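Residue numbers (my numbering): 4 to 428. Here the structure comes first, spelled out in structure tokens, and everything after it is commentary.
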Ligand SMILES: Cc1cc2nc3c(=O)[nH]c(=O)nc-3n(C[C@H](O)[C@H](O)[C@H](O)COP(=O)(O)OP(=O)(O)OC[C@H]3O[C@@H](n4cnc5c(N)ncnc54)[C@H](O)[C@@H]3O)c2cc1C
């Protein structure tokens, strides 16, 4: 009999893990997804001939596995070439920072980054590594005298919706800002799927057992088995389950273990809003415009961090743009007001707000929890009570980190199960 694995959540985390596990014929993998579409935070809005990414946008050279899957599934790619920062070239903004040349600072950063991340992999990480991982990234960059890298991260980290540099723990920035991202950003290697991220996940899900419109409403774990109940009251028995939704949401479906309760208490979700709007008065000669005044520590919440030009759509009101804003405690109407006001301050009139999405985004770890060994706890709780964990809380809020994490997790899961398995290392 096959080993039954039930995955809760059909976003990037649930689907990519199912894809890896389904290579093993000894496993029967089922994904439960609450919504009618697979893909979670990858959400392509389709209006007539217009296709806009409201969620996941770019691949870097680090999205290796995803890029391979896209090729296999017939998904083409288009480059994102022209990025301006305060109206000028982004490279020039970075270069204007103090200290040694950009290449020297990047090298120093990558060496220090590696040292911290490697030290955190130890069974009991040394106190210096825990302290560096927990401190705000702005303090860490000061410590190693990397002012140009600070400028680089305004775009690479804050602009992506992950938080301000004076409050974000170093760990998150080190995880995200790897060589691939720096290289792809500076060398114009960012790409977007031509047919859209939603279509990519649809095609990937087509070869898997994905149950759409099937929200999980309860999970019972006992006697080495887990029973998943879905909203239609059907019950599904599994040998192992995977949490591929935010852990605080998972905990509401079950009696949490002490680890699950602690981890949910140690993270804080940010809120990030993307809005598609039209105007005929703004830039059309490049793809992305970022604004340092909204990105520097202390900038007011709700300002437009950057905007992407998504083409001309007369049926939607003219030239269309996708903006990103930290939402804080503002509601959707307030976010729209802030956007219109921000644009007015730039001398631009918004003619149509077409669509808006607010995302539960980027699980940020409490600094004290990092100092207390949260990273080791996230690693060690895997497999307890036949439960495995993936998604943004366990790796980082980006597709490549989630997929790379899942490739390792799939091997680890198989090692914990009775042989034979084709994937096991
Ligand atoms: C605006 C934006 C831009 C981004 N840009 C990029 C980018 O350029 N490059 C990049 O790599 N990444 C990007 N990301 C990040 C990336 O999209 C996410 O990290 C990734 O999609 C998270 O996947 P996940 O599976 O962990 O979570 P999710 O995508 O949130 O998936 C969770 C799924 O679980 C389902 N679910 C929830 N509760 C239940 C339940 N009870 N039962 C069943 N199903 C349930 C949800 O419906 C959802 O589909 C971006 C994200 C956003 C929001």
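Heads up, the beta-carbon is just placed ideally off N, CA and C, and yes, glycines get one too. Note that this is a predicted model, so its numbers are computed, not measured.
Closer than 7 Å: residue i CB and nearest ligand 1 heavy atom
i	result
residue 161	no
residue 36	yes
residue 401	yes
residue 357	no
residue 252	yes
residue 59	yes
residue 219	yes
residue 213	no
residue 272	no
residue 333	no
residue 165	no
residue 352	no
residue 44	yes
residue 232	no
residue 14	yes
Distance, residue j Cα to residue i Cα
i	j	result
residue 38	residue 217	7 Å
residue 67	residue 403	8 Å
residue 408	residue 279	31 Å
residue 427	residue 16	Reliability fails at residue 427, whose pLDDT of 46 lies under 50, so the model's placement of it is uncertain and the value that follows must be treated cautiously. Their backbone Cα atoms lie some 20 Å apart in a straight line.
residue 344	residue 126	51 Å
residue 410	residue 18	12 Å
residue 95	residue 309	17 Å
residue 112	residue 174	13 Å
residue 316	residue 51	9 Å
residue 388	residue 225	8 Å
residue 192	residue 87	15 Å
residue 265	residue 385	14 Å
residue 391	residue 276	30 Å
residue 210	residue 76	11 Å
residue 270	residue 171	12 Å
residue 418	residue 137	32 Å
residue 398	residue 406	9 Å
residue 291	residue 139	27 Å
CA nearest to the CA of residue i, picked from the options
i	options	result
residue 372	300, 262, 343	262
residue 141	115, 156, 147, 168	168
residue 156	71, 277, 211, 105	105
residue 184	413, 109, 353, 196	109
residue 331	347, 255, 364	364
residue 178	337, 117, 313	117
residue 288	312, 273, 294	312
residue 5	242, 307, 384	242
residue 208	127, 144, 42	42
residue 229	256, 358, 194, 249	256
residue 194	384, 59, 400, 211	59
residue 421	27, 82, 10, 14	27
residue 176	206, 75, 135, 191	135
residue 303	395, 75, 328, 394	328
residue 220	258, 321, 198, 196	258
residue 22	347, 355, 72, 336	72
residue 251	240, 268, 182	268
residue 14	162, 143, 214	214
residue 298	162, 324, 11	162
residue 114	326, 144, 99	144
residue 272	346, 285, 400	400
Counterpart residues of residue i in DSSP-defined beta bridges
i	result
residue 9	33, 244
residue 196	80
residue 398	DSSP output for residue 398 lists no bridge partner at all.
residue 362	275
residue 236	Paired residue(s): none; residue 236 is not in a bridge.
residue 172	139
residue 415	Answer is none; residue 415 lacks a bridge partner.
residue 2	Any property of residue 2 remains undetermined from this structure, which presents the chain solely from 4 to 428.
residue 280	324, 356
residue 299	Answer by DSSP bridge pairing: none, since residue 299 is not bridged.
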